[in-house]
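Numbering (the working numbering), first residue to last: 27 to 945. Take a look at the structure below.
Here's what the structure looks like:
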């Protein structure tokens, strides 16, 4: 058994190693047998077998992939079920928490309800006490003279009770608010409970769906194993057919090789003659090709020379245009210099005027400030005098009011006059001191206001000065930018000249390289011509023409050299022009330096603006640094984006593969659905069969009950005396019913075992779903593979035994069918005779014998029937030519292989039974 288990341990590694070994063996055989013609005829069949092996290998790989996919599906479904169970447990925990909260809320509500009732009782008692006290108050002290408690104490108690009532009302309100909050929480809890219930239903549905899917997957696995088992004998048959075909092919290849050898001998002689003719033709063709190539090269070189001459002419035209542009540029520079000088004179004049205006503005500003300060001082003095006058008037009014009050006080309270006078004297002194302090504070406020006005005036003056300086700075900056633009324009023109000069230099270098290449090609042509002259005498005329053409090319080269010298002279002239332009540029730079000096003088006058400008420059530099950092960050982000694009493309490819796999899975699901429908049909047929079994069991139970009654014990003896064949048939039926009962009991035991196995399987699924590892899954897979392999081996053995015993079974079945046909014929004749005998007996006995019954429960009929209380009335049988006694379940036809298994006609209603055992 160990060897068998080792054979059937299939995996990717074993299949891959086997395929590699087989490929290596095939390559070795092909390499060794490539030269041997004897072995070549066997290679065709060997290759076919190798192809068949390769197909089987691919099929095994696909099956292993499918098994891996199915296991992955099982694992994913298990994880889903686990997640669902975890969610269900969490929901249970949350429901328990909500229940605890609900119980606490109910306790709070009940306690608040009790406190409410107590408060109501207290309020009623207080109301009664208040009513009693109010009556006592109305009656007065005389009524309450004998009581221990006074009215004052009663009023204090009433106040205390009112306070307690208010507190109780506040507590009631708080409890009501709490009750309202608890009711809201209860509504929310009920809503959450409903949600959890709906989620539980959904989860249960999902679990049922997952279980159905698992069952379908298990069925699909079983079907795949069955298909594999069905395919194995087909593969063996195909292998046998391939071997037979290979044998036939080897015989045919032997005959073909003998004929081929004879044909090859003839071809070898003819091929040697053909090769000699081909060699001679090839030599002639090569010579012709060499001549054609030389002619073609000469034509191409002439075309290249014409093209280069055109290029040189175009360069000369471009040079003329550039010279003209230089002349125009020189004129423009002269005009610009004149304009620049004029603008410099204007700027000097404007600067002088600005200096005069600034001096006048400074003198006027000083005068303006002095006048404003004087005006502000006069206004402040006027305001201070007005305030002093108003204060004096207020004091006079206050004194008058105080005098009137004092007179009234002296009239009313003469006894306190002396004290009041002293107090008033002290208060007057303090008030005078306060007045003096207030006046001093007002003076300080006026001084500070004057200082604030002066500061504001200075601020306004400085703001005006700053605005004027900013305007002047903006104008100077615009002029400076204008000069910078001009300088940049001149620099661009100089760079254009430099680039054009470099382009001309590059063109010269390219022309020189082309000349060098042409010279090298000319030398090659001369060498080729000399070689051709020495080897071929027939091409002398063409060579002379090429020689003359080469001389013409040399003349053209000399012309090209002359043109190159001319170009060099033009280059020197352009360099001189460039040097002149550089000198002019230096003069312009000198002018710009002078302008910069003037600008620096202006900057010294406006240091504040320059500092501001420097601060802005620093900010600009910092911003430029930030911009550079942002650029670096952008570059890194772009690199990341490119990487992400690559990853995105890879993910798209993976998605495409997954979509293809999804389509395959959808096709698989359609197939599985079809199989499920087939399984449902089979289940329906099983239900039908089970219903029929139930009917048969009911019949058996009725018979057993009838025979178990004590009144029917003596029937066997009576029946044996009357009709022993009928008793034998009954006993035969009883044996069959006993076998059916045993089978039914065995079926019940098997169903119980099935239920126990299902329970164990569910427990195992729960265990595996909680904690499954890759090793455990691989162990389960290996176990399943071993079991499948063992079953395959057993099925093979069963098939072999069935094949061996098939002819014997066929012979026995044919002989049984023949015997059954004979028995059916005899039965038909016996049944006819039996019916005739019964009719004759009924006619002879007559209707009088109906009253002579052996049992009280016997049926009123002319035919002997089964005894017992379950027998009903039966109609008299009428003679029919058709053999109705041979019907089984209402089928009027002779017995076959299927109907022979059943017992004779099973009727409980008391119909006659044919004497089968007598036959």
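Beta carbons are placed, not taken as given, at the ideal position from N, Cα and C, and that holds for glycine. Every value quoted in this text rests on a predicted model; they were computed, and no experiment measured them.
Exposure of residue 836 is indicated by the presence of fewer than 16 other C-beta atoms within 10 angstroms of its C-beta. With the rule of 3 Cβ pairs closer than 8 Å, the region 762 to 777 counts as touching the region 713 to 726. Counting every other CB atom within 10 Å of its CB across the protein chains shown gives residue 755 a total of 16 or more, marking it as buried. Between residue 124 and residue 219, the C-beta spacing is below 8 Å. Taking a contact as a CB-CB distance under 8 Å, the pair residue 141 and residue 201 counts as one, their CB atoms being some 6 Å apart. Taking the CA atoms as reference points, residue 479 sits about 44 Å from residue 650.
If you compare the alpha carbons of 497, 74, 600, 39 with that of residue 276, the shortest gap goes to 74. Rounded to the nearest whole angstrom, the CA to CA distance from residue 72 to residue 716 is 55 Å. Between the region 520 to 537 and the region 595 to 605, the count of C-beta pairs closer than 8 Å reaches three or more; the two stretches touch.
Within the region 792 to 844, no complete beta strand (DSSP E) segment of 3 residues or longer occurs.
One thing to note: residue 41 has its Cβ within 8 Å of the Cβ of residue 83. Taking the CA atoms as reference points, residue 627 sits about 17 Å from residue 385. With respect to the 8 Å criterion, residue 807 and residue 97 are classified as neighbours on the basis of their beta carbons.
Between residue 145 and residue 107, the C-beta spacing is not below 8 Å.
Two segments are said to touch when three or more pairs of C-beta atoms, one from each, lie closer than 8 Å; by this definition the region 583 to 599 touches the region 533 to 547. Taking 8 Å as the cut-off, the beta carbon of residue 117 is found closer than this to the beta carbon of residue 225.
Contact annotation: residue 68 and residue 52 have beta-carbon atoms that are not nearer than 8 Å. With a threshold of 16 other beta carbon atoms within 10 Å, residue 861 meets it and is buried.
Around residue 588, the same chain offers no residue with a beta carbon nearer than 7 Å, after the five sequence neighbours per side are excluded. Exposed is the label assigned to residue 710, since fewer than 16 other Cβ atoms lie within 10 Å of its Cβ. Rounded to whole angstroms, the Cβ separation of residue 327 and residue 550 is 11 Å, and the two are not in contact under 8 Å. Your pair residue 705 and residue 245 checks out as a contact, with CB atoms roughly 7 Å apart and the cut at 8 Å. A direct Cα-to-Cα measurement between residue 616 and residue 357 gives close to 20 Å. Note that the C-beta distance between residue 701 and residue 249 is below 8 Å. Counting every other CB atom within 10 Å of its CB across the protein chains shown gives residue 853 a total of 16 or more, marking it as buried.
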